[in-house]
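> Line by line, the protein sequences give chains A and B. Taking the UniProt record's numbering as reference, the numbering of the first sequence is continuous, increasing by one, and the terminal residue is 463. Taking the UniProt record's numbering as reference, the numbering of the second sequence is continuous, increasing by one, and the terminal residue is 463. Sharing a structure, written as C-alpha cells. Questions coming.
Protein chains: 2
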Amino acid sequence: MRVAEAKTLDKYDDIAAFLFENPAQFLSVIREAHPAAVAEYLADLPQPEAIGILKSLDPSRQAEILSHLDEDLQLKVFQELSRDEKVALLLEMSPDDRADLFKALPEDYREALLPALAQAEREDIRRLCSYEEGTAGAVMTSDYATISPDMTAAEAIEHLREIAPDSETIYYTYVVDDQHRLLGFVSLRELILAPRDAKVSSFMKRDPIFVRVSDDQEEAARKIQKYDLIALPVLNEEDVMVGIITHDDAIDIITQEQTEDIEKLMAIGGAHGDTPYLKTPAWVHFKNRATWIVALAALGFVSGMIIHSFESTLMSLMILALYMPMVADTGGNTGSQAATVVVRALALGEISYEDIFKVLFKEFKVSLMLAVVLGLISWGKVMFLSQDASIPDGFSLGAIAIAIALALSIQVVSATLVGAVLPMLAHRFGQDPAVVASPALTTVVDITGLIIYFNTAKLILGI
Amino acid sequence: MRVAEAKTLDKYDDIAAFLFENPAQFLSVIREAHPAAVAEYLADLPQPEAIGILKSLDPSRQAEILSHLDEDLQLKVFQELSRDEKVALLLEMSPDDRADLFKALPEDYREALLPALAQAEREDIRRLCSYEEGTAGAVMTSDYATISPDMTAAEAIEHLREIAPDSETIYYTYVVDDQHRLLGFVSLRELILAPRDAKVSSFMKRDPIFVRVSDDQEEAARKIQKYDLIALPVLNEEDVMVGIITHDDAIDIITQEQTEDIEKLMAIGGAHGDTPYLKTPAWVHFKNRATWIVALAALGFVSGMIIHSFESTLMSLMILALYMPMVADTGGNTGSQAATVVVRALALGEISYEDIFKVLFKEFKVSLMLAVVLGLISWGKVMFLSQDASIPDGFSLGAIAIAIALALSIQVVSATLVGAVLPMLAHRFGQDPAVVASPALTTVVDITGLIIYFNTAKLILGI
Chain A
1 MRVAEAKTLD
11 KYDDIAAFLF
21 ENPAQFLSVI
31 REAHPAAVAE
41 YLADLPQPEA
51 IGILKSLDPS
61 RQAEILSHLD
71 EDLQLKVFQE
81 LSRDEKVALL
91 LEMSPDDRAD
101 LFKALPEDYR
111 EALLPALAQA
121 EREDIRRLCS
131 YEEGTAGAVM
141 TSDYATISPD
151 MTAAEAIEHL
161 REIAPDSETI
171 YYTYVVDDQH
181 RLLGFVSLRE
191 LILAPRDAKV
201 SSFMKRDPIF
211 VRVSDDQEEA
221 ARKIQKYDLI
231 ALPVLNEEDV
241 MVGIITHDDA
251 IDIITQEQTE
261 DIEKLMAIGG
271 AHGDTPYLKT
281 PAWVHFKNRA
291 TWIVALAALG
301 FVSGMIIHSF
311 ESTLMSLMIL
321 ALYMPMVADT
331 GGNTGSQAAT
341 VVVRALALGE
351 ISYEDIFKVL
361 FKEFKVSLML
371 AVVLGLISWG
381 KVMFLSQDAS
391 IPDGFSLGAI
401 AIAIALALSI
411 QVVSATLVGA
421 VLPMLAHRFG
431 QDPAVVASPA
441 LTTVVDITGL
451 IIYFNTAKLI
461 LGI
Chain B
1 MRVAEAKTLD
11 KYDDIAAFLF
21 ENPAQFLSVI
31 REAHPAAVAE
41 YLADLPQPEA
51 IGILKSLDPS
61 RQAEILSHLD
71 EDLQLKVFQE
81 LSRDEKVALL
91 LEMSPDDRAD
101 LFKALPEDYR
111 EALLPALAQA
121 EREDIRRLCS
131 YEEGTAGAVM
141 TSDYATISPD
151 MTAAEAIEHL
161 REIAPDSETI
171 YYTYVVDDQH
181 RLLGFVSLRE
191 LILAPRDAKV
201 SSFMKRDPIF
211 VRVSDDQEEA
221 ARKIQKYDLI
231 ALPVLNEEDV
241 MVGIITHDDA
251 IDIITQEQTE
261 DIEKLMAIGG
271 AHGDTPYLKT
281 PAWVHFKNRA
291 TWIVALAALG
301 FVSGMIIHSF
311 ESTLMSLMIL
321 ALYMPMVADT
331 GGNTGSQAAT
341 VVVRALALGE
351 ISYEDIFKVL
361 FKEFKVSLML
371 AVVLGLISWG
381 KVMFLSQDAS
391 IPDGFSLGAI
401 AIAIALALSI
411 QVVSATLVGA
421 VLPMLAHRFG
431 QDPAVVASPA
441 LTTVVDITGL
451 IIYFNTAKLI
461 LGI
C-alpha cells in the first residue's frame, strides 16, 4: 500500500517506468506530466517516434516540453513542423527559449519565418538575439511583470492576475517609471501582506539588486545565489529595465560554467557543457581534447631538450635517469593541487589579484611541509630501490639519495608556487585562471623540475 | 545624473564603497540593506567591530544577517551574546539555519540552551539535527505552508496571508491529508488565478516531485534544477511531509558539491568547500593535500621498482631513459582528460554504469585519433632531439624512434581507457568517481605506461 502510494507520488519522476506499468494512461501522462520529465522520456525514444508524439500535442504543450530538450533535437522537431505549426509554436514559447531556438535556425529559415510573426514578437526576437553569448542580455527573458508606483496593492494584485498566464514569474514584480526605468520591486508576498489600498510606492523595496545587459552571465547567476533571489532584473545603460533572469536559469548557468572550469582544468577545449557526453561525436571529443594535448606535447620538446643537454651527466651517473619520472610526477601533482585550490578560490570570489602575496605566503608554508614529507619518502625510495645498483667510483648511494631528495623538495616548493601564481596572473590579465592549471601546469613544472633536478645533482655530487 | 542613479540603484551591492561616500547613512544601511550585503561587509571588518554592530541590531535582523555569515564567525558572534539574547536570536532564525548553528555549538552550550526554548522549537531542532550530513533531511527547513484539500482558493490565500511572515516561501503551498501526508501542491500563481470558491482539491497538482529525508542533498538539488522548482518537498518513509528544500539551497548545494568534485579531481581531501581559502590555516591545507600526495608517492614505489627491473635494458640502451618522462606525461594527460569528461558526465547524470561499453567504445575511438597524432609528434621528437645521440651498434635511431612512438601510442589508448573505466567502476561500487581521477590516475597509468614502454622497446628492438 505505502509502496504503491510512493510509486504514484513520484511517477512523473520516471515516466518510462510508469508507462511501462500503465500503458493505458500514456496520452494523459504525456499531456499532464512535468514537461522536463516528458522531455527526458522523449530524448530516449527513437527520434521519429519522439517527433510524432510531440506533433500530436497542442503548441503550448509542445513549447513547454521543447524548452527542456537539447538544441539539436529541438531543431529536428521544429523542422518537421509545417510553417503554420512553426509560427504557432514560436508564439507559445517563452521569449528566451524562442530567441535561443531562433539563433540556432539556418539563416534562410529565419528570413522565411520572421514576416509571419507579429511586429512585437519580431522585435523581441531581434533584440534578444542581439546580445553577445555569455552576457546577461543573452540569457534574460522579456516576460516579466511591471507595475507603476502609484497603484494600490489591490490594483497591483488584480494586474498580476491578468498577466499571470504569460509571465515567467509573478512572485517578483518590478516598479518602473513612465520611461520604464527601474524604481524598485515588490514581492507577491509583500503585496498580499500590504493593506489593500496602500500605494505600491509606500512599501516597495527601493535600490533593488540588478545587472546590466552586458554583464557576464555568471555574475548575474552569482548575484541570484548571493541574494537568494527568485529573479534578477536586467537594465540597459539608460537604467531602463529590459528583462529578468530567473533562479532556474541561474542554476543552469552555474552548472554550465562549472563544467567549463573543470574541462579547462583538464585542458579540454570546446563548450562540451551544452551537449551530453554520449550525444557528442567522438571526433568532437577528439577536437576538444587534441588542441591542448598537442600543444603540451610540443611544449614537451623543451623538457626533451633539457634532458638531452644533460645527457653527459646522465651517462656518467645513469641512476639519475631512473628517478627523473618521480621528480616530474611529484612536482606535477603538488603544483596541480595548488593551482586547483587557487582557481576555485578565484572562481568563488574568495580571493582576488590583490591577495597574491597572502596567497603565495600561504602556499609557501604549505609547500614547505609537503617538501619535508615528500623529500624523506623519496630519500627512502632511492636508498631502498637502488641499494644494489652499480654506482661509479667516487659516488656514494647516500650522497646520491640526498641529492635526489633535496632536488625533489625544492621542486615541490617551486611547483606549488608556480601552480599558485599562474592562475592569479591569468586572472589579473583577464584570462580564465583554469586554463593554466593541471596538464598545462604539469608540463611547465616538468621543465623547471628537470633544471632543478640536474643542477642540484651536479652541485651536490660535483659532477 | 544617470551615473548617480545607477550608483544608488546598486548601492546595496557594495556597501563598503557606499558607506565610504555616505557615512551619515551608516545605521540606516546596516538596518535596511540586503542581509547578504551586510554580512559581506561585516566579514571584512575587525571581528570585535563586526560583533559590536551585530549586537546593536534587533534579534530578527541579527538572524537575517547571521545566516549569511560563515560558521566560525556565526559562533563567535553567538558566544558574545547573553543567554536571553541567544534565545531571542534562536527563535528568530529560520529552522534550518538554527539547526546548523546548533550542531556547531559546543555540547555544554546546547544543554544549557535547550531548556530555555519552547517545546516546539526544542523538538524541531532535535529533529533537524538528527539527519545525517549531506542528506536532504539535513538541509531542509521546516517552515513551509500546508493547506487541506477542501479549502477554497479564497480560504487558502487568506491562510497564506496569516502565515506569510514566518514561512520560508508562500509561493508553493503543499496540500496534505489529516496525517500530514503529501497529496499535491498549488502555486500561489494558481491560487490567484483560481475562482475564489473553487476547492483546492479541484485544481491542485497531484503527484508532485519530492525527495526522501535520506536522499542525497545533491539529488534534491538536481531535481530542483531539472524541474525548475522554487521549493521541493521532503517526505519521510511514511510519505509524511517533514520539510522543504528551496531554490537558493539548491544553488549552494550544487556549488559546494562542485568544489568537492574539483578538489577530489586534484586529490585534495577535506571539506574546504565551507571555509574560504585565506581563512583556512596553512596546516589544514597541508592536511587536506598531504594524505593523497603521500599515498601517491608511496604508489610511486611501484613505478620505481618497474624502472629498476628494466635497469639492464636502460643500461644497454641509455636513450630509452631520456624519453620515459615524455611517455609518462602524455599518458597522464590523456588519461586525466578521459577521466574528467566521464566524472563530469556521471555527475550531471548524462551516463550511468549501464553505459560503460558505449563510453569505452567512444573513448576508444577518441584515443585512437589522439594516439596517431601524438605518436607522430613523439617520433619526430626522437628523430630531432637524438639525431646526434650515441647509439650502440646493432640499433638504428629510426627503429628506436618507431619503438618509442609506438609505445607512446599504445600508452595513450590504454591510459584513456583506464581513465574512463576507473570512475565508472568507482561509481558502480558507490564510491565518488572523482577520487580516482587526475593525480591518482596519473600515478596508475605511469605504472602501465612504463610496462608498455619497456616491453614494446624490447619487442621491437629485440634487446
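Beta carbons: idealized from backbone N, C-alpha and C, even for Gly. This structure is a prediction, so every number in the text was calculated from the model and none was measured.
Return yes when the Cβ of I192(A) is within less than 7 Å of the Cβ of A220(A), no when it is not.
By 1-based counting over the first sequence, the position of residue 220(A) is 220. By 1-based counting over the first sequence, the position of residue 192(A) is 192. Taking 7 Å as the Cβ cut-off, A220(A) and I192(A) do not qualify as a contacting pair.
> With a cut-off of 7 Å, does the C-beta of E162(A) fall near any C-beta of chain B?
Sequence index remark: in the first sequence, residue 162(A) carries index 162 (1-based). It does not: the Cβ of E162(A) has no partner Cβ on chain B nearer than 7 Å.
> Beta-carbon within less than 6 Å of G273(A)'s beta-carbon, same chain only, minus the 5 sequence neighbours each way: which residues are those?
If you number the first sequence from 1, residue 273(A) lands on position 273. Bear in mind that the predicted position of G273(A) carries a pLDDT of just 48, short of 50, making it unreliable; the figure below should be weighed with that in mind. Closer than 6 Å at the Cβ level, and outside the excluded window around G273(A), lie Q256, T259, E260.
> Which residue from A347(A), L441(A), V342(A) puts its Cα closest to that of K362(A)?
Residue numbering aside, residue 362(A) sits at position 362 when the first sequence is read from its first letter. For K362(A), the nearest C-alpha among the options comes from V342(A).
> Are there 16 or more other CB atoms within 10 angstroms of the CB of E311(B), so buried, or fewer, so exposed?
Taking the first residue of the second sequence as position 1, residue 311(B) is located at position 311. Label assigned to E311(B): buried.
> For R189(A), would you say it is in contact with chain B, using Cβ-to-Cβ distances shorter than 7 Å as the test?
Counting from one through the first sequence, the residue named residue 189(A) turns up at place 189. R189(A) counts as touching chain B.
> Counting only the same chain and skipping the five closest in sequence on each side, list residues whose C-beta sits under 6 Å from that of Y453(B).
As a first step, residue 453(B) is located in the second sequence; it is residue number 453 there, counting from the start. Excluding sequence neighbours, Y453(B) sits near V327, A407.
> Can you confirm whether the region 280 to 295 of chain A touches the region 282 to 299 of chain B when touching is taken to mean that 3 or more C-beta pairs between the two stretches lie within less than 8 Å?
No contact exists between the region 282 to 299 of chain B and the region 280 to 295 of chain A.
> Going by beta carbon distance, what residues of the same chain come within less than 6 Å of E32(B), once the five residues before and after it are set aside?
For this step, residue 32(B) is matched to residue 32 along the second sequence. Within the same chain, E32(B) has no close Cβ partners at all.
> Between the beta-carbon of V213(B) and the beta-carbon of V234(B), is there less than 7 Å?
Numbered from its first residue, the second sequence carries residue 213(B) at position 213. Numbered from its first residue, the second sequence carries residue 234(B) at position 234. Their beta carbons are under 7 Å apart, which means V213(B) touches V234(B) by this criterion.
> Apart from the five residues just before and just after K458(B), which ones in its own chain have a Cβ nearer than 6 Å to its Cβ?
For the purposes of this step, residue 458(B) is taken as residue 458 along the second sequence, with counting starting at 1. There are no such residues.
> At least one CB of chain B closer than 7 Å to the CB of V366(A): is that the case?
Mapped onto the first sequence, residue 366(A) falls at position 366. Chain B contact via Cβ: present.
> Starting from the C-beta of A138(A), find all residues in its chain whose C-beta is less than 6 Å away, skip the five residues before and the five after it, and write them out in chain order.
If you number the first sequence from 1, residue 138(A) lands on position 138. So the list reads Y131, once near-sequence residues are dropped.
> Going straight from the alpha carbon of A426(A) to that of G419(A), what length do you get?
Counted from its first residue, the first sequence places residue 426(A) at position 426. Counted from its first residue, the first sequence places residue 419(A) at position 419. So the two alpha carbons sit approximately 11 Å from each other.
> Please name the residue or residues paired with G380(B) in a DSSP beta bridge.
Position 380 of the second sequence holds residue 380(B). Looking at the DSSP assignment, G380(B) forms no beta bridge with any residue, so it has no partner.
> Rounded to whole angstroms, what is the Cα-Cα separation between D249(B) and A104(B)?
Residue 249(B) sits at position 249 when you count from the first residue of the second sequence. Residue 104(B) sits at position 104 when you count from the first residue of the second sequence. Spanning the two alpha carbons is a distance of roughly 19 Å.
> If we define contact as Cβ-Cβ less than 7 Å, is D166(B) a contact residue for chain A?
For the purposes of this step, residue 166(B) is taken as the residue at position 166 of the second sequence. Output row for D166(B): interface = no.
> Are the Cβ atoms of G331(A) and A405(A) separated by less than 7 Å?
To locate residue 331(A), count along the first sequence from 1; it is residue 331. To locate residue 405(A), count along the first sequence from 1; it is residue 405. For G331(A) and A405(A), no; Cβs fall outside 7 Å.
> Spatial neighbours of D96(A) within its chain, please: C-beta separation below 7 Å, excluding the five flanking residues on both sides.
As a working mapping, residue 96(A) is identified with position 96 in the first sequence. These residues qualify, in order along the chain: L128, V139, M140, T141.
> Taking the beta carbon of N333(A) as the centre, do at least 16 other beta carbons fall within 10 Å, making it buried, or is it exposed?
Along the first sequence, read from residue 1 onward, the residue named residue 333(A) stands at position 333. Counting Cβ neighbours within 10 Å, N333(A) comes out buried, since at least 16 surround it.
> Whose Cβ in chain A lies nearer than 8 Å to the Cβ of M369(B)?
Along the second sequence, read from residue 1 onward, the residue named residue 369(B) stands at position 369. A282, W283, F286, A290, listed in chain order.
> For the region 170 to 197 of chain A, which segments carrying the beta strand (DSSP E) assignment without a break, of at least 3 residues, lie completely within its bounds, in sequence order?
Counting only runs of 3 or more, we get 172 to 176, 182 to 187.
> So, using beta-carbon positions, are P423(B) and A339(B) closer together than 7 Å?
Within the second sequence, residue 423(B) is the residue found at index 423, counting from 1. Within the second sequence, residue 339(B) is the residue found at index 339, counting from 1. In contact: P423(B) and A339(B) (Cβ atoms closer than 7 Å).
> Per DSSP, P432(A) is paired with what?
On the first sequence, position 432 is the one that residue 432(A) refers to. Just to set this straight, residue 432(A) is Asp in the shown sequence, not Pro. BP columns for D432(A) are empty, so no partner.
> Taking Cβ to Cβ, would you say Q217(A) is nearer than 7 Å to A136(A)?
Start at 1 with the first residue of the first sequence, and residue 217(A) comes out as number 217. Start at 1 with the first residue of the first sequence, and residue 136(A) comes out as number 136. Contact: yes.
> Quick check: the region 182 to 202 of chain A against the region 112 to 128 of chain A, are there 3 or more CB pairs under 8 Å?
Short answer: they don't touch.
> Beta-carbon within less than 8 Å of L314(A)'s beta-carbon, same chain only, minus the 5 sequence neighbours each way: which residues are those?
Start at 1 with the first residue of the first sequence, and residue 314(A) comes out as number 314. If we look at L314(A) and ignore the five residues flanking it on each side, its Cβ neighbours are I307, L320, A321.
> For I65(A), I'd like the list of residues in its chain whose CB is within less than 8 Å of its CB, leaving aside the five on either flank, ordered along the chain.
Reading the first sequence from its first residue, position 65 is the one you call residue 65(A). The residues are P35, V38, A39, L42, L54, L57.
> Per DSSP, what kind of secondary structure is D143(B) in: helix, strand or coil?
Here residue 143(B) corresponds to residue number 143 of the second sequence, with the count starting at 1. If DSSP states are grouped into helix, strand and coil, D143(B) belongs with coil.
> Quick check: is the beta carbon of T259(B) nearer than 7 Å to any beta carbon in chain A?
Within the second sequence, residue 259(B) is the residue found at index 259, counting from 1. So, interface residue.
> Is the region 353 to 362 of chain A close to the region 383 to 392 of chain A, with three or more CB pairs under 8 Å?
With the cut-off at 8 Å, the region 353 to 362 of chain A and the region 383 to 392 of chain A do not touch.
> Can you list, in chain order, the residues of its chain whose CB lies under 8 Å from that of I460(A), leaving out five sequence neighbours each side?
By 1-based counting over the first sequence, the position of residue 460(A) is 460. Once the five neighbours on either side are set aside, the close Cβ partners of I460(A) are A399, I402, A403, L406.
> Could you compute how far the alpha carbon of S309(A) sits from the alpha carbon of M324(A)?
By one-based count along the first sequence, residue 309(A) stands at place 309. By one-based count along the first sequence, residue 324(A) stands at place 324. If you take the alpha carbons of S309(A) and M324(A), they lie about 14 Å apart.
> Give me, in chain order, the residues of the same chain whose beta-carbon lies closer than 6 Å to that of K205(A); leave out the 5 immediate sequence neighbours on both sides.
One-based indexing of the first sequence puts residue 205(A) at position 205. G184, F185, listed in sequence order.
> At least one CB of chain C closer than 7 Å to the CB of R344(B): is that the case?
Going by chain labels, chain C is absent from the structure shown, which instead holds the protein chains A and B.
> When you compare the CB of D248(B) with every CB in chain A, is at least one pair closer than 7 Å?
To locate residue 248(B), count along the second sequence from 1; it is residue 248. Closer than 7 Å to some Cβ of chain A, the Cβ of D248(B) qualifies, so yes.
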